[in-house]
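Asker: I have a structure here, written as structure tokens, and I will follow up with some questions on it.
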Amino acid sequence: MRHALVLGLAAAVAAAPWLQASAQAPDPTAAEFDKFREVLEQDNPAELFEAKGEELWRARRGPKNASLEQCDLGLGAGVVKGAYARMPRYFADAGRVMDAEARIVHCMMTLQGFSYAELAKQPFSNASRTPDPVSLITYVAAQSRGMKVAAPQDHPKERDAYETGKAIFFYRAGAFDFSCASCHGADDKRIRTQPLPNFTKPAKAIAAVQGWPGYRMTGGVMHSLQWRMNDCFRQQRFPEPAYASETLSALLTYLTVNANGHVYRGPGIKR
Amino acid sequence: MRLASVVTLAGAALLLASCATPPRDYRPDALALMKRDFHAKGIAGMDRLNEDAVQAACNKYQDEPPQGFAEKLQNEQLAAIKWPADGKLLGDWKAGEKIAQNGRGMSWADKGGVGGSCYNCHQVGPRESSFGTIGPSLYQFAKKRGYGADIQRYAYGKIYNAKAYSLCSQMPRMGHVGALTEQQMKDLTALLMDPASPVNQ
Chain A
670 MRHALVLGLA AAVAAAPWLQ ASAQAPDPTA AEFDKFREVL EQDNPAELFE AKGEELWRAR
730 RGPKNASLEQ CDLGLGAGVV KGAYARMPRY FADAGRVMDA EARIVHCMMT LQGFSYAELA
790 KQPFSNASRT PDPVSLITYV AAQSRGMKVA APQDHPKERD AYETGKAIFF YRAGAFDFSC
850 ASCHGADDKR IRTQPLPNFT KPAKAIAAVQ GWPGYRMTGG VMHSLQWRMN DCFRQQRFPE
910 PAYASETLSA LLTYLTVNAN GHVYRGPGIK R
Chain B
1269 MRLASVVTLA GAALLLASCA TPPRDYRPDA LALMKRDFHA KGIAGMDRLN EDAVQAACNK
1329 YQDEPPQGFA EKLQNEQLAA IKWPADGKLL GDWKAGEKIA QNGRGMSWAD KGGVGGSCYN
1389 CHQVGPRESS FGTIGPSLYQ FAKKRGYGAD IQRYAYGKIY NAKAYSLCSQ MPRMGHVGAL
1449 TEQQMKDLTA LLMDPASPVN Q
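Going line by line, the protein sequences match chains A and B.
Residue 889 in this note's numbering sits at position 220 of the first sequence, with consecutive numbering throughout.
Residue 1392 in this note's numbering sits at position 124 of the second sequence, with consecutive numbering throughout.
So, in structure tokens, the structure goes:
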């Protein structure tokens, strides 16, 4: 299958020499990694976090000793199926657009009584600890596996979030004059050997959504898009964005809406 | 007839409305939101969210500011380059290779010590196959362009402040922002310009 595809591509390039100039030589490192990922995805460690997240979703926890089963992820209280693929979205009870993890944090605060400070203190996974929202987001995301990404743009605040997110994406500042677009605004670029998807084009923007939350082989930890956004801003040489903040929801609205219509394959594996 | 004229009128009104209201500029909203939601961490202070004149021009015009305006800003950047007082632009290419390889520095996780991050975006020396492609290949930089004083000066100046040569270049202004020292920039210039450097083999 893979061979047929490669042969087919080679034939297409041979038949159409003008393709050769723009097509990049296949990166052997990336190809090896893709093979490795295919094997791993058949038995993805992310499933462990998915199971842990489901357990956490149903457990009575926090100062209010409540479960998250009444959490409204946008499709009604308690509806988890398909909710992740339809976020970020506007939530009237919060008065803002929220991405999935921001919404989970909101539910942990309102339903279970956890404090934001507590949840935002160490929000990212490390070798010894996976924060609860990371397991929860993995569970919630898995319930949209195989569904089309369909972040809504019906509410005016959702359209504002898209435009604000786009402005954040293109905002160059800081010590190195970088914006998100410095790395993710053109086709077929890479940093060292790491390919950089162009998130401004609908055909490529799915790369911002696909595989997240993801089990990252570097360090062997589960990470969500909140971590990805945070670490991009570090590399952008910016100050740090607050965990689950509106800035990140706006940015994720821009990225996700650009990816609308593509099928989400569920929690994945990342390099 | 009546319906048709109503439809035409409605169409005209829509057209007028869309002409009268230019598309809203979301950059002020975006910046206000970021200023509220970000915090200083390590060496990355909140001042980094503020645009300087070059960043503002490139942000406002999507990296294509009007030519006269761009030229003026570019010339200001060029005039602000501090050339080495001893007049020497070439350091040690071996030290330059180490600096080019080092992609650290200036982030909230870094303390001091800044690398050139060159290989992140450019092919440089022939022995390193792990190089980025955001910038053009620099392999055989001087072999292709010549080893003369003008090219030396261009190489040093470009490393010091890429925006002095192309206002909305994606390349960081390594000397202008004080990321690299004069000696580091001389070493990088040697990496590109020294006839003995692997770059020119």
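Ideal placement from N, C-alpha and C gives every residue a C-beta, glycine not left out.
Excluding the 5 residues flanking L744 of chain A on each side, which residues of the same chain have their C-beta closer than 6 Å to its C-beta?
Answerer: So the list reads A752, once near-sequence residues are dropped.
Asker: Does DSSP put D768 of chain A in a helix, a strand or coil?
Answerer: Three-state DSSP puts D768 of chain A in coil, outside helix and strand.
Asker: Let me know if S914 of chain A comes out buried or exposed under the rule of 16 or more other beta-carbons within 10 Å of its beta-carbon.
Answerer: Answer is buried; the Cβ neighbour count reaches 16.
Asker: Please report the distance separating the alpha-carbon of I938 of chain A from that of R706 of chain A.
Answerer: Cα to Cα, the separation comes out at about 6 Å.
Asker: Using a beta-carbon distance below 9 Å, is G873 of chain A in contact with chain B?
Answerer: Strictly speaking, residue 873 of chain A in this sequence is Lys, with Gly absent from that position. Not an interface residue.
Asker: Sort out for me which residues DSSP pairs K858 of chain A with in a bridge.
Answerer: A:L865, per the DSSP bridge assignment.
Asker: In three-state DSSP terms, what is G937 of chain A?
Answerer: Here G937 of chain A sits in strand by DSSP.
Asker: According to DSSP, simplified to helix, strand and coil, what is E832 of chain A?
Answerer: Helix.
Asker: Tell me which residues share the same chain as D801 of chain A and place their Cβ nearer than 7 Å to its Cβ, disregarding the 5 neighbours each side in the sequence.
Answerer: The answer, listed in chain order, is L725.
Asker: For H1444 of chain B, name the three-state secondary structure that DSSP assigns.
Answerer: Here H1444 of chain B sits in coil by DSSP.
Asker: Using a beta-carbon distance below 9 Å, is N1370 of chain B in contact with chain A?
Answerer: Judged by the 9 Å Cβ criterion, N1370 of chain B is not in contact with chain A.
Asker: Which residue spans inside the region 1394–1430 of chain B form an unbroken alpha helix (DSSP H) run of at least 4?
Answerer: Runs of the alpha helix (DSSP H) inside the region 1394–1430 of chain B: 1409–1413, 1417–1428.
Asker: Using a C-beta cutoff of 9 Å, does P802 of chain A count as contacting chain B?
Answerer: Closer than 9 Å: no.
Asker: 9 Å is my cut-off, CB to CB: does V1376 of chain B come that close to chain A?
Answerer: Position check: residue 1376 of chain B holds Trp in this sequence, whereas Val was assumed. Yes, W1376 of chain B counts as interfacial toward chain A.
Asker: Can you tell me whether F783 of chain A is buried or exposed? The criterion is at least 16 other CB atoms within 10 Å of its CB, across all chains shown.
Answerer: With 16 or more other Cβ atoms within 10 Å, it is buried.
Asker: Cβ of Y759 of chain A less than 9 Å from any chain B Cβ?
Answerer: Closer than 9 Å: no.
Asker: Give the range of the alpha helix (DSSP H) segment to which M1314 of chain B is assigned.
Answerer: Note, M1314 of chain B: premise wrong, no alpha helix (DSSP H); not H, not E.
Asker: Can the beta-carbon of R755 of chain A be found less than 9 Å from the beta-carbon of S813 of chain A?
Answerer: Going by C-beta atoms, R755 of chain A is nearer than 9 Å to S813 of chain A.
Asker: Output, in chain order, the set of chain B residues within a Cβ distance shorter than 9 Å of E915 of chain A.
Answerer: Within chain B, the residues near E915 of chain A are L1301, R1304, D1305.
Asker: Answer yes if the region 1316–1323 of chain B comes into contact with the region 915–929 of chain A, meaning at least three C-beta pairs across the two stretches below 8 Å, and no otherwise.
Answerer: No, because fewer than three Cβ pairs between the region 915–929 of chain A and the region 1316–1323 of chain B fall closer than 8 Å, the two stretches do not touch.
Asker: How should P910 of chain A be labelled, buried or exposed, when 16 other C-beta atoms within 10 angstroms of its C-beta is the threshold for buried?
Answerer: Flag for P910 of chain A reads buried.
Asker: Does the CB of S1405 of chain B have a neighbour CB from chain A at under 9 Å?
Answerer: So no, S1405 of chain B is outside the interface.
Asker: Just tell me which of B:K1454, B:Q1330, B:S1405, B:K1350 has its CA closest to the CA of A1423 of chain B.
Answerer: Closest option to A1423 of chain B, Cα to Cα, is B:K1454.
Asker: Measuring straight from C-alpha to C-alpha, what distance separates D768 of chain A and D856 of chain A?
Answerer: Taking the straight line from one Cα to the other gives about 26 Å.
Asker: Since D1297 of chain B and A836 of chain A should fall inside the 8 Å C-beta cutoff, what is the C-beta to C-beta distance between them, to a whole number of angstroms?
Answerer: D1297 of chain B to A836 of chain A, Cβ: 7 Å. Contact.
Asker: Report yes if the C-beta of R828 of chain A is less than 8 Å from at least one heavy atom of the ligand ZN; otherwise report no.
Answerer: As for the ligand ZN, it is missing from this structure, which has no ligand bound.
Asker: Considering only C-alpha positions, which residue in the set B:I1367, B:D1360, B:A1377 is nearest to P908 of chain A?
Answerer: Among B:I1367, B:D1360, B:A1377, the Cα nearest to that of P908 of chain A is on B:A1377.
Asker: Would you report the Cα separation of P1352 of chain B and Y912 of chain A, rounded to the nearest angstrom?
Answerer: Going by the C-alpha atoms only, they are around 44 Å apart.
Asker: Near T807 of chain A, which residues of its chain fall below 7 Å by C-beta distance, leaving aside the five closest residues on each side in sequence?
Answerer: Counting only Cβ-Cβ distances below 7 Å, and skipping sequence neighbours, we find A715, F718, E719, G722, P882, M891, P936.
Asker: Who are the neighbours of G843 of chain A on chain B, taking C-beta pairs under 7 Å?
Answerer: Those are R1316, listed as they occur along chain B.
Asker: Answer yes or no: do P1312 of chain B and S1375 of chain B have a C-beta to C-beta separation smaller than 9 Å?
Answerer: Correcting the residue identity first, residue 1312 of chain B is Ala in this sequence and not Pro. Going by C-beta atoms, A1312 of chain B is nearer than 9 Å to S1375 of chain B.
Asker: Of all Cβ atoms in chain A, is any one closer than 9 Å to the Cβ of Y1428 of chain B?
Answerer: No, its Cβ sits nowhere closer than 9 Å to a Cβ of chain A.
Asker: V803 of chain A and P792 of chain A: beta carbons closer than 9 Å?
Answerer: Result yes, Cβ atoms of V803 of chain A and P792 of chain A sit closer than 9 Å.
Asker: So what does DSSP say about H853 of chain A, is it helix, strand or coil?
Answerer: Looking at H853 of chain A - three-state DSSP - the assignment turns out to be helix.
Asker: Provide the residue span of the beta strand (DSSP E) that contains F760 of chain A, from first to last.
Answerer: Start and end: 758–760.
Asker: Count the other CB atoms, across all protein chains shown, that sit within 10 Å of the CB of K790 of chain A; report buried if there are 16 or more and exposed otherwise.
Answerer: Answer is exposed; the Cβ neighbour count stays below 16.
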